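Just so you know, we're using this note's numbering here: the sequence shown kicks off at 29 and counts up by one. Even glycine gets a Cβ: it sits at the ideal position worked out from N, Cα and C. Fair warning: this is a prediction, and the values are worked out from it, not measured in the lab.
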Amino acid sequence: EATYGAFDPSAAKLFGVYDAAKREKRFMDSAVVVEALSNKGLESVQFDSDGNMLNPRLKQMNFNAIAKGYFVDLLAAILEDHDVVHYMVEVGGEVHCKGNNSSGKAWNIGINRPEPGAKSTDYFEVISLSNQSMATSGNYQNYYVVNDSVIGHTLDPRTGKLVISDLKSATIIHSECAIADAYATACMVLGLAESIKMIEADSSLSAFFIYEQDQKLIGKHVK
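Structural data, given as C-alpha cells:
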C-alpha cells in the first residue's frame with residue numbers, strides 16, 4: 029500500500045510472462061499479459077483456518093525483488109548473534125553496515141553510474157553508512173534487445189507495461205535491507221516525482237536518486 033501498488037509480489041504470473049519473453053528474446057504477448065493481470069492482488073491473499081489460500085487463482089508469490097536484501101538481513105542477524113561489532117554484509121550490491129571499517133570510520137559505499145558498460149568502480153556517489161542498510165535498483169543492466177528495441181527489466185505490476193522514465197537509479201537507506209530493496213524496486217516503477225513523494229511520507233526512509241535531465245545525469249538526496 030505504501031508503494032501505491034508498485035511493489036506487488038502477488039504479480040508472480042505477470043513476472044513469469046516477462047521472464048519467458050526475455051529468455052526467448054521476444055516481446056511479451058499482450059493477451060497473455062492481460063490474463064496474468066487478472067491473477068494478482070495482495071487484497072486476495074487470505075487464508076482459511078487450515079492455511080489454504082482462499083483465492084485459488086492466486087497460487088504463487090514472487091519475492092525476487094527483495095531476495096538479496098532479505099539474505100543480507102539474515103547474514104547480519106547471524107553476525108549480531110555472535111556479537112560482531114563492526115561488519116559490512118553485501119549480497120549482489122545490497123548492503124548492511126554496522127560500526128566502523130578497519131580505519132575506524134563509517135563504511136563508504138559507492139553507487140555506480142547508471143550507464144551500460146560502467147565499471148564496478150565507476151561511482152556516481154559515495155554514501156557513508158553505519159548501522160543501516162542500503163539497496164539500489166536501476167534499469168540499465170538487465171535488459172535485452174528485440175529487433176533493435178531495448179527492453180528494460182522494470183515492469184509495472186499494476187499495468188503489465190514496461191517502465192521507461194527519467195529515473196535511472198534509486199538507492200534507498202533503511203534499517204532493514206529487505207525493506208530498502210522493496211522500496212528501491214518500487215521507485216523504479218514510480219519514477220522520480222512519485223518516488224520523492226513516497227520517501228518523504230516515511231520518516232524511516234531516505235534516498236539518493238540519479239535521474240536524467242537534458243541528457244545529463246543528476247543526483248538528488250531525499251532526507
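_Selected residue, minimal CA-CA separation from glycine 127, among Trp135, Gly120, Gly121_ = Of the listed residues, the one whose Cα sits closest to glycine 127 is Trp135.
*Tell me whether arginine 141 is buried or exposed, calling it buried when 16 or more other Cβ atoms sit within 10 Å of its Cβ.*
Label assigned to arginine 141: buried.
*State the DSSP-derived secondary structure class of methionine 89, mapped to helix, strand or coil.*
Under the three-state reduction of DSSP output, methionine 89 falls in the coil class, being neither helix nor strand.
*asked:* Nearest by alpha-carbon distance to valine 25: which of Val123, Thr164, Gly188 is it?
replied: The question about residue 25 has no answer here: the residues shown for the chain are numbered 29 through 251.
*the stretch 218-230 / the stretch 73-84 touching (three or more Cβ pairs under 8 Å)*: Pairwise C-beta distances place the stretch 218-230 out of contact with the stretch 73-84, as fewer than three of them are shorter than 8 Å.
*Measuring CB to CB, does valine 117 end up less than 8 Å from histidine 124?*
Result yes, Cβ atoms of valine 117 and histidine 124 sit closer than 8 Å.
*Please look up how many angstroms separate the CB atoms of cysteine 205 and aspartate 36, rounded, as I've assumed it's under 8 Å.*
No, cysteine 205 and aspartate 36 are not in contact; Cβ-Cβ is about 20 Å, not under 8 Å.
_Extent of the continuous alpha helix (DSSP H) run through phenylalanine 152_ = Phenylalanine 152: not part of any alpha helix (DSSP H); member of the beta strand (DSSP E) spanning 151-157, first to last residue.
_Contact belief for asparagine 83 with serine 72 at Cβ below 8 Å, rounded distance in angstroms_ = So it is a contact: roughly 4 Å between Cβ atoms.
*asked:* Out of Met89, Ile94, Thr149, which one is the CA nearest neighbour of alanine 208?
replied: With distances taken between CA atoms, alanine 208 lies nearest to Ile94 out of Met89, Ile94, Thr149.
*Cβ-based neighbour list, glycine 120, same chain, cut-off 6 Å, excluding 5 preceding and 5 following*: The beta carbon of glycine 120 sits closer than 6 Å to the beta carbons of Lys96 from its chain, once the five residues preceding and following it are set aside; these are given in chain order.
*If you count every other CB in all the chains shown that lies within 10 Å of the CB of phenylalanine 55, and 16 or more means buried, which is it?*
It is exposed - the Cβ of phenylalanine 55 has fewer than 16 other Cβ atoms within 10 Å.
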